[in-house]
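From first to last, the protein sequence lines are chains U and X. So in my numbering, spot 16 of the first sequence is number 16, and the numbers just go up one at a time. So in my numbering, spot 147 of the second sequence is number 1147, and the numbers just go up one at a time. We treat Cβ as the ideally placed atom computed from N, Cα and C, and that holds for glycine. Below is one structure, written out as structure tokens; the observations come after it.
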Amino acid sequence: MEHLLDEEPEKTANKLMHADNIIDWLLTMLEKGNPSSENFLSSAEVLFALIQSAHQVILNTVIR
Amino acid sequence: MKDYNSKFVLSLNGMERLLCILNGYRKKSISLEEEHEALVNVLDGLCSLLLVDECAEQFRRLQGFELLMSLSKKQGELRRHIIKLFDYAVTQHELPSSAKNARYFIEKGGLPIVFGVFMQSGKKKKGDLVIKLTKEDHEQDEQHVLNILVGLLI
């Protein structure tokens, strides 16, 4: 997912906007997951990439 | 797409949940570098959210400033990332909530934290995670502190 966000941030972020369950799952992983597990860090990275891409799309829209 | 960040905050309670994750670290320490990195990602995610007005408003209402001020005292290794977040919270002059956030930041005692970083104060406790910083990191920190000060003056 991180790769997709890097390659096609706008398209992926747009699609993920309709995927509440995935976002909810990432947040739950951070709330209840084990901080020493690799998945904890991966969830945080994907969530950050997602929020940042959503912002990038806003900037692109404003510039256009 | 502006809607996305608003949606994340409003219908998924994203801001509240991210702040709750950070809240847990007021009482426990960060022992692993991966854990530290995950929290940095959470803080950076909050920075991106703060670029949208209703999110910045929500951040203040949810007492995000108080939480992060408290966290910066207890988790020294996160302080520079918290300062970055304060930079985002008080210097977005195009957002109506930015001026309110700046006033709130001062009222809640944010200045000592900012000046503390500027003076590079803060003692390392035994067992604290040691994160090596480069010259560029220090320059970025100074830049964030200066941005906050300029933001508060404007």
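Residues of its chain near residue i, where Cβ-Cβ distance is below 7 Å and the 5 sequence neighbours each way are ignored
i: X/Glu1158; result: With chain X running from 1001 to 1154 in the structure shown, residue 1158 of chain X is simply not present.
i: X/Val1042; result: Leu1018, Ile1021, Leu1022
i: X/His1138; result: none
i: X/Asp1053; result: Leu1095, Pro1096, Ser1097
i: X/Lys1108; result: Phe1065, Glu1066, Met1069
i: X/Tyr1104; result: Arg1060, Phe1065
i: X/Val1040; result: His1081
i: X/Leu1071; result: Leu1022, Tyr1025, Arg1026, Leu1078, Ile1082
8 Å CB neighbourhood of residue i in its chain, flanking five on each side removed
i: X/Leu1149; result: Val1114
i: X/Lys1135; result: none
i: X/Glu1142; result: Phe1118
Contact belief for residue i with residue j at Cβ below 8 Å, rounded distance in angstroms
i: U/Leu30; j: U/Ala49; result: About 14 Å; that fails the 8 Å criterion.
i: X/Arg1026; j: X/Lys1084; result: Contact flag wrong, Cβ pair sits at about 19 Å.
i: X/Glu1037; j: U/Leu41; result: 6 Å
i: U/Ser53; j: U/Pro9; result: 4 Å
i: X/Val1117; j: X/Val1090; result: Going by Cβ atoms, the distance from X/Val1117 to X/Val1090 rounds to 14 Å, so no, they are not a contact pair.
i: X/Ile1131; j: X/Glu1077; result: 5 Å
i: U/Pro35; j: X/Glu1035; result: 4 Å
Under the three-state DSSP convention, the category residue i falls into
i: X/His1093; result: coil
i: U/Glu8; result: coil
i: X/Met1119; result: coil
i: X/Leu1134; result: For clarity, residue 1134 of chain X is Thr in the given sequence; the question names Leu instead. Three-state result, X/Thr1134: coil.
i: X/Ile1030; result: coil
i: X/Gly1109; result: coil
i: U/Gly33; result: coil
i: X/Asn1041; result: helix
i: U/Ile58; result: Because U/Ile58 sits at a pLDDT of 49, beneath the cut-off of 50, its placement in the model cannot be relied upon, and the point is left open.
i: U/Leu41; result: helix
i: U/Asn21; result: helix
i: X/Asn1013; result: coil
i: X/Ile1154; result: coil
i: X/Met1001; result: Residue confidence for X/Met1001 is low, a pLDDT of 46 falling below 50, so the modelled location carries little weight; the figure read from the coordinates is stated next. Three-state result, X/Met1001: coil.
Below-7 Å beta-carbon distance, residue i vs any chain X residue
i: U/Leu41; result: yes
i: U/Ile51; result: yes
i: U/Leu30; result: yes
i: U/Ile23; result: yes
i: U/Ile63; result: The pLDDT assigned to U/Ile63 is 38, lower than 50, so where the model puts this residue is not dependable, and the model offers no usable value.
i: U/Leu26; result: no
i: U/Leu47; result: yes
i: U/Pro35; result: yes
Minimum Cβ-Cβ distance from residue i to chain U less than 7 Å
i: X/Leu1085; result: no
i: X/Arg1079; result: no
i: X/Asp1044; result: yes
i: X/Ile1131; result: no
i: X/Glu1037; result: yes
i: X/Glu1016; result: no
i: X/Ser1097; result: no
i: X/Ser1029; result: no
i: X/Glu1034; result: yes
i: X/Arg1021; result: Here the sequence assigns Ile to residue 1021 of chain X, which means Arg is not the residue at that position. Cβ-Cβ to chain U under 7 Å: yes for X/Ile1021.
i: X/Leu1149; result: no
i: X/Leu1153; result: no
6 Å Cβ shell around residue i - same chain, five flanking residues per side excluded
i: X/Leu1068; result: Ile1082
i: X/Tyr1088; result: Cys1047, Leu1050
i: X/Asn1147; result: Asp1087, Thr1091
i: X/Leu1152; result: Ala1102
* **Segments of 4+ residues assigned as alpha helix (DSSP H) that fall wholly inside the stretch 1050-1085 of chain X** => Entirely contained in the stretch 1050-1085 of chain X, the alpha helix (DSSP H) runs reaching 4 residues are, in chain order, 1053-1061, 1064-1074.
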